[in-house]
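These notes are about the structure you will find just below.
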Amino acid sequence: MEFLRRGGWRGATTDHDWSSARRALHAAAALRPRSKSPFACTDEHISPDALRAARSTADPLFDDALDADRIDDTCDAVASCAGGASYAPPVLAALVAALAHPPAWVDWDQVRVGQDVFARYLPACTATLYHLSLVGGFSAERIARVVASTGYLNGNGRDVLARILETATFLAHVTEPGGLRPHRPGWTAALRVRLLHCRVRRRLRRSCAWDARAWDEPINAAQLAVTQLAFSAMVLSGVQLLAGAPLPQAQQDGYLHLWRYIGWLLGIPDEHNACVSARTAQAHLESHLSYLIEPGPIGMGVAHAVLALRLPSGEPEARFAQRVHVCRAFIGDDLADSLRLPRPRRARDIFLGRIELRLLSAYSQLCTLPVLGQVLLRVHRWGLRLLAARSTRFGFPLRREPLIEHMARASECPFIAG
Ligand code: HEM
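Residue numbers for the sequence shown follow UniProt numbering, so the first one is 1 and each next one is one higher.
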């Protein structure tokens with residue numbers, strides 16, 4: 001990756017060095033098994049008691065509303081609540097109405113800056129989300145276990161692709177200028193995802209195959225917070241890696257602020273919403289990673305499925321080894337080895353992987369140029385709008401039952417018929 005560092009755009013040197021976010025993931029992975037945290041603890045880090053509490057806290061307001069209103073898995077509750085329909089579930093409708101009043105700290109100009117950052121550096125952001133946040137994130141076995149329960153990301157290739165495209169659509173909506181204003185598509189999308197998370201949680205809790213004492217509450221506050229940091233801090237670290245220097249401070253701040261607001265909409269408790277500053281984000285990331293990073297068999301399976309994008313026929317996609325090569329540049333060899341990702345051997349795969357990295361890096365550097373960067377921002381925004389417009393499946397009904405084979409104690413559960 002030396003090429004990436006040498007050729008980089010030279011931004012202001014006082015900007016936060018986000019490579020620490022990537023290094024935190026590498027450090028957390030390298031020290032397994034371990035008895036103590038690999039990070040020095042500061043006032044900004046989360047205390048062990050607060051971390052423990054976050055692992056058993058989910059989203060009580062929304063979770064309870066689902067039961068109180070007897071909302072089933074097919075009803076588009078957010079649309080009926082937001083649209084003020086007479087048949088809207090009353091408890092959820094009150095919560096949705098409250099979320100239409102953003103907190104006083106929301107600065108719409110900063111949100112807009114953050115949305116522009118994502119659109120401007122789109123290839124670097126999406127490459128980082130895929131290789132670093134998503135694949136690297138599956139070294140958190142507790143998170144992988146939840147995701148695997150719905151079978152999307154470890155199903156056949158079409159399902160994996162559909163899930164990735166749906167998340168891309170979500171991102172297209174929340175990064176559209178004005179899209180996060182109350183009742184606009186990005187705002188609605190965030191609430192739909194929050195409700196979808198509640199539905200997954202409810203299914204897992206009810207299935208009795210979920211051992212909350214061993215695996216924590218599914219989609220708990222700590223897991224939500226670290227995933228929010230994977231979408232924000234980790235992405236800034238990937239853009240820095242590819243562009244060769246940190247983004248200007250105002251852009252970093254805007255991008256973090258965007259995710260602070262999205263995190264608020266998704267129900268992350270204020271004390272765990274770390275996108276307030278680079279320092280807090282880094283400290284919280286380290287606190288969460290030191291507990292969560294623990295590669296295991298479920299995460300390995302999901303990471304392979306995501307990189308292989310297996311075809312419906314079961315055949316792995318031809319570019320698997322090339323993707324692994326790129327992925328190793330992001331997550332490091334230690335973590336890639338613990339996820340049992342193969343080391344690409346064929347010269348062709350290594351060559352194509354290198355070319356892909358260089359093109360990504362060169363393109364990301366072009367995105368930093370003042371005039372060309374603005375042009376590319378518009379081109380990328382056009383692509384994002386096309387994606388958002390073509391998404392006919394954006395209602396987020398939860399279409400799948402959790403896959404029983406991924407739940408260790410399923411066979412003991414008398415209520416799961418299979
Ligand atoms: C900031 C945090 C998060 C964001 C922005 C987010 C985003 C999303 C989006 C956009 C979807 C819809 C995808 C689709 O319909 O296919 C989704 C679904 C889902 N999410 Fe999250 N998510 C977050 C945190 C988490 C966490 C921490 C977990 C697990 C521990 C999780 C587990 C799931 C599951 C199981 C689904 C449903 C089915 C699936 O696609 O696998 N999410 N999330």
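Note that beta-carbon positions come from the ideal geometry of N, C-alpha and C, so glycine has one too.
Terminal residues of the alpha helix (DSSP H) in which residue i lies
i    : result
H288 : A278 to L292
S37  : Taken as a continuous stretch (DSSP letters only), S37 belongs to no alpha helix (DSSP H), as it is neither H nor E.
C367 : A347 to C367
T227 : A221 to F231
Y261 : Q249 to L265
C81  : A77 to A82
D270 : Here D270 belongs to no alpha helix (DSSP H), and DSSP marks it neither H nor E.
C327 : F320 to I331
D67  : P60 to A68
S19  : S19 to A30
G373 : P370 to R390
Straight-line Cα distance separating residue j from residue i
i           : j    : result
D15         : Q115 : 19 angstroms
L341        : A68  : 45 angstroms
D43         : T280 : 9 angstroms
I164        : L95  : 29 angstroms
R328        : R181 : 38 angstroms
V379        : L122 : 10 angstroms
L242        : S361 : 4 angstroms
L266        : L51  : 19 angstroms
residue 426 : T150 : Because the chain here runs from 1 to 418, residue 426 falls outside it and cannot be looked at.
A54         : Q252 : 27 angstroms
W215        : R142 : 6 angstroms
A24         : I331 : 10 angstroms
V78         : A58  : 19 angstroms
Q223        : L61  : 17 angstroms
V324        : L307 : 7 angstroms
A303        : R194 : 24 angstroms
G137        : V147 : 11 angstroms
H26         : F351 : 24 angstroms
I262        : R319 : 33 angstroms
residue 449 : V135 : This structure gives no information on residue 449, because the portion of the chain shown stretches from 1 to 418.
Q282        : N273 : 12 angstroms
A212        : R145 : 12 angstroms
L256        : H45  : 18 angstroms
Residue i burial status per 10 Å Cβ neighbour count (16 or more: buried)
i    : result
G383 : exposed
S287 : buried
T368 : buried
I355 : exposed
L56  : Position check: residue 56 holds Ser in this sequence, whereas Leu was assumed. Exposed, by the Cβ-count rule.
V371 : exposed
E271 : exposed
Q228 : buried
S232 : buried
D159 : buried
A250 : exposed
Y87  : exposed
Proximity test, residue i beta-carbon vs the ligand FAD heavy atom, cut-off 6 angstroms
i    : result
T175 : The ligand FAD is not part of this structure, which contains only the ligand HEM.
Own chain partners of residue i with C-beta closer than 6 angstroms, once the 5 adjacent residues on each side are dropped
i    : result
Y22  : Checking the sequence shown, residue 22 turns out to be Arg, not Tyr. Closer than 6 angstroms at the Cβ level, and outside the excluded window around R22, lie S237.
G11  : Note that G11 scores a pLDDT of 45, beneath 50, so its modelled location is shaky and nothing firm can be said.
A321 : P344 and D349
F396 : Caution is warranted here: a pLDDT of 46 is assigned to F396, below 50, making its placement in the model unreliable, and no coordinate value can be reported.
D63  : C198
F170 : A189
M234 : A21, L132 and S133
Neighbourhood of residue i by C-beta distance below 8 angstroms, restricted to the same chain and skipping five residues each side
i    : result
Q240 : D17, W18, S19, P246 and L247
S338 : A29, R32, S139 and P295
R201 : A58, D59, D63, E217, P218 and I219
Chain-order list of residues whose beta-carbon lies under 7 angstroms from that of residue i (same chain, five-residue window excluded)
i    : result
G178 : R184
T175 : Q115, F118, A119 and L384
D107 : H257
ask   = What are the start and end residues of each continuous beta strand (DSSP E) run of 3 or more residues lying completely inside the segment 121-189, in chain order?
value = Entirely contained in the segment 121-189, not one beta strand (DSSP E) run reaches 3 residues.
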